[in-house]
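Enquirer: Going by the working numbering, the sequence shown opens with residue 109, and the numbers climb by one from there. Even for Gly, the Cβ is constructed at its ideal location relative to N, Cα and C. As the structure is a prediction and not an experimental result, all values here were calculated from the model.
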Amino acid sequence: MTSTSTPTPRQLYRALDRGEITKEEFRASMREHALALIEEMEEVHQNPVAAWIETLRNRQAAARLARAHGEHVVREAFIALSEVADFPLAHWLWNADHDHLPLYCFLRTRKEPIFRVLKLVSQPWLLMLSVEYGSAAKGQATREKFTFSRERFGRLTVTKREAA
């Protein structure tokens, strides 16, 4: 798995465009992301039944979120969360705006590191998101509440972050 200190591919592209990193550094970081994906695929291959059950749980959670708030709002919340500077699961959420990727791919209900949306409140200029992430052990997961506000151009930025 990629470390939390490794920038997301979106952040790497921006850094490359600004000239902050070289092409070699960019390729090395992208290689880390690719290896993490390959490792995840190998785990799925080793235990396909557990992976299938996890997929069913994730699909159910994603369908519930999309039904309650709309898929676009959920994806927008995930992208905003991936832009939070020290959010440990940003590398799982960075491409949530790609519509060809199913929404359930970004949720992890039982498999570590877990990522669950506990509550989502969306208003025109404000979005509040409560998430649980980290350890799957009972009571060991980290819960945080994020408040995002919209900039003048409609982009969400974090205004408040607190432990829930």
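Can you check whether the CB of Arg251 is closer than 9 Å to the CB of Thr217?
Expert: Taking the first residue of the sequence shown as position 1, residue 217 is located at position 109. Taking the first residue of the sequence shown as position 1, residue 251 is located at position 143. No, these two residues do not count as a Cβ contact at 9 Å.
Enquirer: Tell me whether Thr114 sits in a helix, a strand or coil according to DSSP, three-state version.
Expert: Against the sequence shown, residue 114 aligns to sequence position 6. Thr114 falls in the coil class under three-state DSSP.
Enquirer: Express the C-alpha separation of Phe223 and Lys246 in angstroms, rounding to a whole number.
Expert: To locate residue 246, count along the sequence shown from 1; it is residue 138. To locate residue 223, count along the sequence shown from 1; it is residue 115. Their backbone Cα atoms lie some 14 Å apart in a straight line.
Enquirer: Which same chain residues, not among the five before or five after Lys131, have their C-beta less than 8 Å away from its C-beta?
Expert: Taking the first residue of the sequence shown as position 1, residue 131 is located at position 23. Around Lys131: Leu124.
Enquirer: Does DSSP put Arg260 in a helix, a strand or coil?
Expert: As a first step, residue 260 is located in the sequence shown; it is residue number 152 there, counting from the start. If DSSP states are grouped into helix, strand and coil, Arg260 belongs with coil.
Enquirer: Please confirm whether Tyr121 and Ala170 have their CB atoms less than 9 Å apart.
Expert: Within the sequence shown, residue 121 is the residue found at index 13, counting from 1. Within the sequence shown, residue 170 is the residue found at index 62, counting from 1. No.
Enquirer: When the Cβ atoms of the region 146 to 157 are set against those of the region 168 to 185, are three or more pairs found closer than 8 Å?
Expert: Short answer: they don't touch.
Enquirer: List the whole-angstrom C-beta distance separating Ala198 from Val192, where the pair is believed to meet the contact cut-off of C-beta under 8 Å.
Expert: Against the sequence shown, residue 198 aligns to sequence position 90. Against the sequence shown, residue 192 aligns to sequence position 84. Indeed, because the Cβ distance is near 7 Å, the residues count as touching under 8 Å.
Enquirer: Would you kindly check if the distance between the Cβ of Leu235 and the Cβ of Ala176 is under 9 Å?
Expert: Position 68 of the sequence shown, counted from the first residue, corresponds to residue 176. Position 127 of the sequence shown, counted from the first residue, corresponds to residue 235. Going by C-beta atoms, Ala176 is not nearer than 9 Å to Leu235.
Enquirer: Residues in the same chain with beta-carbon distance under 6 Å from Arg269, minus the five sequence neighbours each way, listed in chain order, please.
Expert: For the purposes of this step, residue 269 is taken as the residue at position 161 of the sequence shown. Excluding positions up to five away in sequence, the list reads Phe254.
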